[in-house]
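Chemist:
In the numbering used here, the protein residues as written are 4 to 141.
1) Rounded to whole angstroms, what's the CA-CA distance from residue 114 to residue 47? Just pull it up for me.
2) On the three-state DSSP scale, how would you describe residue 90?
3) Specify whether the stretch 38-46 and the stretch 77-90 touch according to this definition: at least 3 beta carbon pairs, one from each stretch, less than 8 Å apart.
4) From the DSSP output, in three-state form, read off residue 21 for me.
5) Roughly how many angstroms separate the alpha carbons of residue 17 and residue 69, rounded to a whole number?
6) Between residue 74 and residue 56, is the Cβ-Cβ spacing less than 9 Å?
7) Within the continuous alpha helix (DSSP H) that includes residue 101, where are the two ends?
8) Under a Cβ-count criterion, where at least 16 other Cβ atoms within 10 Å of its own Cβ denotes burial, should residue 95 be classed as buried or exposed?
9) Helix, strand or coil for residue 38 per DSSP?
10) Quick check: what's the CA-CA separation for residue 32 versus residue 97?
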């Protein structure tokens, strides 16, 4: 909790994003209408189903063939497709504009971050599952 409070104070004090005048002069109700609620919801459901399905597989010792694991992973794919549809065609101010995915540099950065995270977490999981043993052990 102290780290969260420190982060809140630091961001409030140091981050100063200037909005365009047409947005800055809008009433608070108009600013709140710019929030992409449907895109945020589909993104949270995508990530939530994926993480829950993978964590149930690893912590509860459920097999990959278990219907709950498969159901959560399939639901994650469905929510991901809906997220892309919402961000592409429905949201006037999307959470993640599709132009970022279509450009080479942001896509390369995103993929390198993703695969770097996968590698880091796989090492943590591999160490937790099979702790290192010494060669001298019988």
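Beta carbons are placed, not taken as given, at the ideal position from N, Cα and C, and that holds for glycine.
Modeler: The relevant details are as follows:
1) The C-alpha of residue 114 lies about 19 Å from the C-alpha of residue 47.
2) helix
3) Verdict: yes, contact present.
4) Three-state result, residue 21: coil.
5) 48 Å
6) It is a contact, given that the beta carbons lie within the stated cut-off.
7) 101-105
8) exposed
9) coil
10) 18 Å
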